[in-house]
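Numbering (this note's numbering), first residue to last: 557 to 867. Yeah, the Cβ is synthetic: ideal placement off N, Cα and C, and Gly gets one too. Contents: one structure, followed by commentary.
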Amino acid sequence: MLIIFMVSTNVLLWTFSQNALYTQAVKDENQKFADKLNENVIASNGTYSVDEDEVTVEATLSNAGSVAAQIINLWVFDTSIQRYNYTSLNLNLNPGNVTNLTGENAIMVAIDDADSTHDFVSWFVTARGNTVAIEEMQTQGEQVIVAEVAQGIGYLGMDFDEFRYFKYASNFDLADWPDGSGSYSVPAADLIVFRMKLTNYDPSGNKRTLSLNSHSLVWVYFPTVGKQVYWYVVNVNASGTVQSTYSDISIGYKETVYVYFASSSDGTFNGLGDKQKTGTVGPAAVNLLLLGNIDSDLYGQNIPFVSVYSS
557 MLIIFMVSTN VLLWTFSQNA LYTQAVKDEN QKFADKLNEN VIASNGTYSV DEDEVTVEAT
617 LSNAGSVAAQ IINLWVFDTS IQRYNYTSLN LNLNPGNVTN LTGENAIMVA IDDADSTHDF
677 VSWFVTARGN TVAIEEMQTQ GEQVIVAEVA QGIGYLGMDF DEFRYFKYAS NFDLADWPDG
737 SGSYSVPAAD LIVFRMKLTN YDPSGNKRTL SLNSHSLVWV YFPTVGKQVY WYVVNVNASG
797 TVQSTYSDIS IGYKETVYVY FASSSDGTFN GLGDKQKTGT VGPAAVNLLL LGNIDSDLYG
857 QNIPFVSVYS S
């Protein structure tokens with residue numbers, strides 16, 4: 557009986573100890589899961605620069621959570637060439653800590669054939685397995701929607717400082733190339749070409765390419781006399797020569813291009829017969845009527861925020 561009692565007692569004690577170990581393991585796992593959920597690291601103000609295949613990442617790390625966090629990796633993905641790499645880190649952030657990874661503290665990751673014109677995405681990895689995407693620092697064009705109103709509501713924004721007109725040096729060649737003349741005062745009696753500087757901001761976030769077809773034009777309206785004149789879009793080569801036929805102009809995401817308007821005909825320019833002038837003295841409203849495609853979708857936009865005085 558004594559032997560049976562001793563064996564039973566040992567079995568019971570072993571069972572209790574195993575139960576305690578299991579309970580503690582479950583408790584530890586639940587605590588780890590809770591800590592992982594409570595981890596809240598924010599990476600903001602991200603910028604990228606490239607020098608000889610070394611991508612330098614600058615960012616601000618903030619621990620907005622209730623638990624300390626350890627950053628163990630930074631991954632960088634060059635989306636333009638579909639290549640990625642990482643570097644190991646050992647950054648510790650207590651709750652409320654903010655760390656600026658800028659200047660000498662910036663992090664470098666090597667990616668073969670990386671270029672400063674490429675697009676990048678990156679993310680930190682914590683010791684608990686959470687990933688922290690780096691939010692890029694917004695550019696001035698992306699930050700302020702009010703500025704977009706001034707630039708023209710829609711996909712394309714216009715640079716008012718680069719609004720120009722050109723006279724002709726010959727039947728197809730532009731004078732004063734490539735700078736032109738300030739356009740807010742235009743000569744009424746001269747045959748002219750308008751130039752606009754346009755940037756594709758694509759506010760959808762899909763970074764789509766936009767193209768302008770031959771129906772795009774500049775429309776000038778004189779309200780005091782009810783007269784209107786229009787110039788259709790044309791292609792102008794690197795030497796300042798207006799082309800006789802038109803090919804759609806493509807504008808990539810965040811790409812800026814000069815667009816020229818010269819012809820009285822849609823899609824063609826035959827020289828003297830298609831040249832335009834305002835022909836009227838007085839104030840006039842200038843509207844950009846833009847048509848084409850953004851990726852496979854149809855596109856149309858009116859930028860009505862320019863006026864000129866024709867003299």
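Considering only the alpha carbon of each residue, which of Leu657, Asn594 and Glu595 lies closest to Thr612? When only C-alpha atoms are compared, the closest one is Leu657.
Pull up the distance between the alpha-carbon of Ser852 and that of Asn594, whole angstroms please. Going from the Cα of Ser852 to the Cα of Asn594 covers about 43 Å.
Tell me, please, whether the stretch 675–694 touches the stretch 734–746 by the rule of three or more beta-carbon pairs shorter than 8 Å. By the criterion of at least three beta-carbon pairs nearer than 8 Å, the stretch 675–694 is not in contact with the stretch 734–746.
For Thr797 and Pro759, the rounded distance between their alpha carbons: For Pro759 and Thr797, the gap between their C-alpha atoms comes out near 34 Å.
Report the partner residues of Arg764 according to the DSSP bridge assignment. DSSP output for Arg764 lists no bridge partner at all.
Ordered along the chain, which non-local residues of its own chain (more than five positions away) have a Cβ less than 6 Å from that of Thr812? Cβ neighbours of Thr812 beyond the five flanking positions: Thr755.
Contact between the stretch 773–792 and the stretch 832–844 (3+ Cβ pairs under 8 Å): Three or more beta-carbon pairs separated by less than 8 Å link the stretch 773–792 to the stretch 832–844, which places the two stretches in contact.
Does the stretch 645–653 come close enough to the stretch 664–673 that 3 or more CB-CB pairs lie under 8 Å? As far as the Cβ criterion goes, the stretch 664–673 does not touch the stretch 645–653, which means the pair count is below three.
Can you name, in chain order, every residue of its own chain whose Cβ lies under 7 Å from the Cβ of Arg764, other than the five neighbours on each side? Here the set comprises Asp758, Tyr809, Ile850 and Asp851.
Tell me the DSSP secondary structure of Asn826 in three-state form. In this structure, DSSP gives Asn826 a state outside helix and strand, which the three-state scheme calls coil.
Check Glu608 in the structure and name its three-state DSSP category. The answer is coil: DSSP assigns Glu608 none of H, G, I, E or B.
Does Ala905 come out as helix, strand or coil in the three-state DSSP assignment? Because the chain in this structure spans residues 557 to 867, residue 905 falls outside the shown range and cannot be described.
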